[in-house]
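A.B. asks: Residue numbers for the sequence shown, in this note's numbering: 864 to 1242. All C-beta atoms, glycine included, are put in the ideal place defined by N, C-alpha and C. I have a structure I would like to understand better, so I am pasting it below and will then ask my questions one at a time.
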Amino acid sequence: MSTSEKRALVTGGAGLIGSHVTDLLLCEGWKVRVLDNLEPNTHRRGKPAWINPAAEFIKGDVRNREAITAALDKIDVVFHQAAYGGYMPEIAKYVHVNSFGTAQILEVIREKSLPIRKVIVASSQAVYSEGAGECPKHGLVFPNVRLIEQLRLGDWEVHCPICAAVTKSTPTQESAPIGGETVYGLTKVDQERLVLLWGKQMGIPTVALRYSCTYGPRQSIFNPYTGVIAIFCTRLLNNLPPVLYEDGEQTRDFSFVEDIARANLLAVETDKLDGFPVNVGSGRGVTIREIARQISVALKIDIPPETNGEFRPGEMRHLTSDTTRIRAAGYEPHVDLAEGIARYLDWIRAQSDVRDYFSEAAAILRDKGIVHKVESALR
Ligand SMILES: NC(=O)c1ccc[n+]([C@@H]2O[C@H](COP(=O)([O-])OP(=O)(O)OC[C@H]3O[C@@H](n4cnc5c(N)ncnc54)[C@H](O)[C@@H]3O)[C@@H](O)[C@H]2O)c1
Ligand SMILES: [Zn+2]
864 MSTSEKRALV TGGAGLIGSH VTDLLLCEGW KVRVLDNLEP NTHRRGKPAW INPAAEFIKG
924 DVRNREAITA ALDKIDVVFH QAAYGGYMPE IAKYVHVNSF GTAQILEVIR EKSLPIRKVI
984 VASSQAVYSE GAGECPKHGL VFPNVRLIEQ LRLGDWEVHC PICAAVTKST PTQESAPIGG
1044 ETVYGLTKVD QERLVLLWGK QMGIPTVALR YSCTYGPRQS IFNPYTGVIA IFCTRLLNNL
1104 PPVLYEDGEQ TRDFSFVEDI ARANLLAVET DKLDGFPVNV GSGRGVTIRE IARQISVALK
1164 IDIPPETNGE FRPGEMRHLT SDTTRIRAAG YEPHVDLAEG IARYLDWIRA QSDVRDYFSE
1224 AAAILRDKGI VHKVESALR
C-alpha cells in the first residue's frame, strides 16, 4: 500500500478501541481522521487527552449526514468503531446510532461514488444468542438464549435444544446462528449484515470483526454499563465488592485492546478476511468470578465478590470465540489476561477521581426491568 492510499477514517476514534486503532495506524504511517461525538455517557469530562494530536479530529455524530459526508472526504479505508453500547434502556438510540448511523455511512459512500477501498466494521460476540455447546448425546449444538422462566428459578445452565441435557461450553465459530438477544446485540447484527451485504453489492471489500470482551487503558470509567474489568476495578478501588450476576461462573473471552487494534490493521492488510464476519478473541473462556479474583489479587484489595441472585435476561452464559479464521490470516494475541489486567491497573491508578458509578447504574437497570432477581431471593 502506498502512503497516498493510507488515509483512514476512524469513527468512534476517541473511545477505547478507536483510539488504539488510531495510534497504531499513525505508527504505521497512515493519515488518520477521527469522527467522534464524544458521547457524554462515555466521556463525562469532555474530549479525552489521549486523542492522538497527529490525527485530525472532527467532533461529529454518525447520525448527522453532513458530518459523515465531510469526514469521508479523501479517505481510503473506513474503520467504523463508533457505537452506542451497553445495557441502557434507550432502544431507539441504539438503533439510531448503530443501525441507522452505519446505513447512512454506506449510503453516502455509494451516493457520492467515493473511492473507498475497504470498510471494517466493529461487530461483536453479542451477535450470538448463546455460545456453542456440547451435548453428551447430540454433540455440537447451538442452544437458544435461556428463557427468563428458567433463570427466575436460578437455573443458569445451558440446555441442549434437542434433549434439554446440560451442555458444556465449546468455542463458537462464525458459522453459528446469529440473532442478538439484547437491543445492542441486535444492532450489531444490523451493522455487520449491512456492511457485508453492501460490500458485495458494491464490489468493495468489507470485514466485520466480531470482537470479544475488550478491555485496557482508556476504557471509560464513567460508563458503568460496559466493561466488567473496568467496573470491578472501580468497585474495588472504592472499597466495594464486585457484583456478580447469576453465580459468577459464566465465561467470557477477553481481548486486550492493543490486540484488537492489531486485528483491525490485519483486516486491511490481508484479503483473506474480505467479505466475512471474523471472530477476534483469545480463544479461551474465563469465568467472571475468576476475573474478580485476579483483579482483587492484582490490586491487593481483598473484598470478596457479592452475588445477589440477580441476572440479566438475554445475557449469554458462555462465550468463547473460535479464532481459527483470523489465526489462519496471521493473527495472534500478544497480551495475556494477567499482563493486560496489570496494564489496565497501572492506567487506572493514574486517573484521578475513580468513583463508583455502578451502584447508581445498577439501580436504574433494576428499575427499568433490565436486571431481574431469582424467585427464591425475592421471598
Ligand atoms: N469494548 C468491548 O468489549 C467491545 C466488544 C465488542 C464490540 N465492541 C464494539 O467496538 C466498538 C468500539 O467500542 P469501544 O469499547 O471502544 O467503546 P467506547 O464507548 O470506548 O468508544 C465508542 C466511541 O464512539 C463514540 N460514539 C458513540 N456514539 C457516537 C455517535 N453517535 N457519533 C459519533 N461517535 C459516537 C463515543 O464517543 C466513543 O468515543 C463499538 O462498535 C462496540 O460496539 C466493543
Ligand atoms: Zn442433546
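1. Give me the residue from Pro-1168, Thr-1133, Lys-1135 and Lys-894 with the minimum Cα distance to Thr-1150.
2. For ligand 2, any of its heavy atoms closer than 7 Å to the Cβ of Val-1004?
3. Decide if Ser-1239 is buried, meaning its Cβ has at least 16 other Cβ atoms within 10 Å, or exposed.
4. Can the beta-carbon of Leu-889 be found less than 8 Å from the beta-carbon of Phe-942?
5. Any heavy atom of ligand 1 closer than 7 Å to the CB of His-906?
6. Check the DSSP bridge columns for Asp-899 and list the partner residues they point to.
7. Looking at Val-1141 and Ile-1123, is the spacing between their C-beta atoms short of 8 Å?
8. Output yes or no for whether 8 Å exceeds the beta carbon distance between Val-1237 and Leu-969.
9. Listed by chain order, which residues have C-beta atoms less than 6 Å from any heavy atom of ligand 2?
10. Considering only the alpha carbon of each residue, which of Ile-1164, Arg-870 and Leu-1103 lies closest to Ile-979?
11. So the candidates are Trp-1210, Phe-1095, Ser-1083 and Lys-981; which of them puts its Cα closest to the Cα of Ile-880?
12. Where Asn-915 and Gly-994 are concerned, what is the direct C-alpha to C-alpha distance, given to the nearest angstrom?
13. Could you tell me if Asn-1127 is buried or exposed, where buried requires 16 or more neighbouring beta carbons within 10 angstroms of its beta carbon?
14. Between which two residues does the beta strand (DSSP E) carrying Gly-1146 extend?
15. Would you be able to state if there are at least three C-beta pairs under 8 Å between the segment 952 to 961 and the segment 1048 to 1060?
16. Give me the Cα-Cα distance between Asp-899 and Ser-986, rounded to the nearest whole angstrom.
17. Which residues does DSSP pair with Lys-981 in a beta bridge?
18. Report whether the distance from the Cβ of Thr-1077 to the nearest heavy atom of ligand 1 is below 7 Å.
19. Quick one: give me the first and last residue of the beta strand (DSSP E) that Gly-996 is part of.
20. Quick one, are the C-beta atoms of Arg-1175 and Val-1234 less than 8 Å apart?
21. If you measure from the CB of Val-1149, is any heavy atom of ligand 1 nearer than 7 Å?
22. Compute every distance between the C-beta of Thr-874 and the non-hydrogen atoms of ligand 1, then say whether any falls below 7 Å.
23. Quick check on the DSSP output: what are the complete beta strand (DSSP E) runs of length 3 or more inside the segment 1103 to 1130, in order along the chain?
24. Rounding to the nearest angstrom, what Cα-Cα distance links Thr-1035 and Thr-874 in this structure?
25. On the CB-based measure, 16 or more other CB atoms within 10 Å of its CB, does Ile-1011 come out buried or exposed?
26. With DSSP run on the structure shown, which of helix, strand or coil describes Gly-1002?
27. Specify, as a first and last residue, the run of the beta strand (DSSP E) that Val-873 falls within.
28. Comparing C-alpha positions only, which one of Asp-936, Val-1021, Thr-1187 and Met-1065 sits nearest to Glu-1037?
29. Assuming Ile-1067 and Val-982 are in contact, meaning their beta carbons sit under 8 Å apart, how far apart are those beta carbons, in whole angstroms?
30. On the CB-based measure, 16 or more other CB atoms within 10 Å of its CB, does Gln-988 come out buried or exposed?
31. Among Val-1120, Gly-909 and Leu-1057, which one has its Cα closest to the Cα of Val-884?
32. Got a sec, what are the start and stop residues for the beta strand (DSSP E) Thr-1183 sits in?
33. When the Cα atoms are used, what is the spatial distance from Gly-878 to Leu-1014?
34. Just to confirm, are Thr-1170 and Leu-1100 a CB contact at a threshold of 8 Å?
35. For Glu-1169, list the residues DSSP reports as bridge partners.
C.D. replies: Answer, in terms of the structure:
1. Within the sequence shown, residue 1150 is the residue found at index 287, counting from 1. The shortest C-alpha separation from Thr-1150 is found at Pro-1168.
2. For the purposes of this step, residue 1004 is taken as the residue at position 141 of the sequence shown. Yes - ligand 2 has a heavy atom lying nearer than 7 Å to the Cβ of Val-1004.
3. What you label residue 1239 is simply residue 376 of the sequence shown in a count that begins at 1. By the neighbour-count rule (16 or more Cβ atoms within 10 Å), Ser-1239 is not buried but exposed.
4. Here residue 889 is taken as the residue at index 26 of the sequence shown, counted from 1. Here residue 942 is taken as the residue at index 79 of the sequence shown, counted from 1. Taking 8 Å as the Cβ cut-off, Leu-889 and Phe-942 do not qualify as a contacting pair.
5. Reading the sequence shown from its first residue, position 43 is the one you call residue 906. Checking the Cβ of His-906 against ligand 1 gives yes.
6. On the sequence shown, residue 899 is found 36 positions in, with the first residue counted as 1. In the DSSP output, where bridge partners are listed per residue, Asp-899 has Lys-922.
7. For the purposes of this step, residue 1123 is taken as residue 260 along the sequence shown, with counting starting at 1. For the purposes of this step, residue 1141 is taken as residue 278 along the sequence shown, with counting starting at 1. Going by C-beta atoms, Ile-1123 is not nearer than 8 Å to Val-1141.
8. Along the sequence shown, one-based indexing puts residue 1237 at 374. Along the sequence shown, one-based indexing puts residue 969 at 106. Contact: no.
9. Cys-998, Lys-1000, His-1001, Cys-1023, Ile-1025, Cys-1026 and Ala-1028
10. Position 116 of the sequence shown, counted from the start, is the residue given in the question as residue 979. Ile-979 has its Cα closest to that of Arg-870, out of Ile-1164, Arg-870 and Leu-1103.
11. Here residue 880 corresponds to residue number 17 of the sequence shown, with the count starting at 1. The candidate whose alpha carbon is nearest that of Ile-880 is Ser-1083.
12. Walking along the sequence shown from the start, residue 915 turns up at place 52. Walking along the sequence shown from the start, residue 994 turns up at place 131. Going by the C-alpha atoms only, they are around 37 Å apart.
13. Looking up residue 1127 in the sequence shown gives position 264. Flag for Asn-1127 reads buried.
14. Position 283 of the sequence shown, counted from the start, is the residue given in the question as residue 1146. Per DSSP, Gly-1146 lies in no beta strand (DSSP E) segment and is marked neither H nor E.
15. yes
16. Stepping through the sequence shown from its first residue, residue 899 is reached at position 36. Stepping through the sequence shown from its first residue, residue 986 is reached at position 123. Annotation: Asp-899 to Ser-986 spans about 18 Å, alpha carbon to alpha carbon.
17. On the sequence shown, position 118 is the one that residue 981 refers to. Lys-981 is bridged to Val-940.
18. Within the sequence shown, the letter at position 214 stands for residue 1077. Yes - ligand 1 has a heavy atom lying nearer than 7 Å to the Cβ of Thr-1077.
19. For this step, residue 996 is matched to residue 133 along the sequence shown. Its beta strand (DSSP E) spans residues 996 to 998.
20. Position 312 of the sequence shown, counting from 1, holds the residue named residue 1175. Position 371 of the sequence shown, counting from 1, holds the residue named residue 1234. Their beta carbons are under 8 Å apart, which means Arg-1175 touches Val-1234 by this criterion.
21. For the purposes of this step, residue 1149 is taken as the residue at position 286 of the sequence shown. Checking the Cβ of Val-1149 against ligand 1 gives no.
22. Sequence index remark: in the sequence shown, residue 874 carries index 11 (1-based). Yes, since a heavy atom of ligand 1 falls inside the 7 Å radius drawn around the Cβ of Thr-874.
23. Complete beta strand (DSSP E) runs here, min 3: 1117 to 1119.
24. On the sequence shown, residue 1035 is found 172 positions in, with the first residue counted as 1. On the sequence shown, residue 874 is found 11 positions in, with the first residue counted as 1. Looking at the two C-alpha atoms, the distance is approximately 28 Å.
25. Here residue 1011 corresponds to residue number 148 of the sequence shown, with the count starting at 1. Burial call: exposed.
26. Within the sequence shown, numbered from 1, the residue matching residue 1002 stands at position 139. Three-state result, Gly-1002: strand.
27. Numbered from 1 along the sequence shown, position 10 holds the residue referred to as residue 873. Looking at the DSSP string, the run of the beta strand (DSSP E) that includes Val-873 is 870 to 874.
28. Taking the first residue of the sequence shown as position 1, residue 1037 is located at position 174. Residue Thr-1187 is the option with its Cα nearest to Glu-1037.
29. Walking along the sequence shown from the start, residue 1067 turns up at place 204. Walking along the sequence shown from the start, residue 982 turns up at place 119. At roughly 7 Å, the Cβ-Cβ gap stays under 8 Å, so Ile-1067 and Val-982 are in contact.
30. One-based indexing of the sequence shown puts residue 988 at position 125. Gln-988 comes out buried.
31. Locating residue 884 in the sequence shown gives position 21, where the first residue counts as 1. Measuring from the Cα of Val-884, the nearest candidate turns out to be Val-1120.
32. In the sequence shown, residue 1183 corresponds to position 320, counting from 1. That residue, Thr-1183, is in no beta strand (DSSP E); it is neither H nor E in DSSP.
33. Here the question's residue 878 lines up with position 15 in the sequence shown. Here the question's residue 1014 lines up with position 151 in the sequence shown. Roughly 34 Å separates the two Cα atoms.
34. Taking the first residue of the sequence shown as position 1, residue 1170 is located at position 307. Taking the first residue of the sequence shown as position 1, residue 1100 is located at position 237. No, Cβ-Cβ distance for Thr-1170 and Leu-1100 is not below 8 Å.
35. Locating residue 1169 in the sequence shown gives position 306, where the first residue counts as 1. According to DSSP, Glu-1169 bridges with Val-1106.
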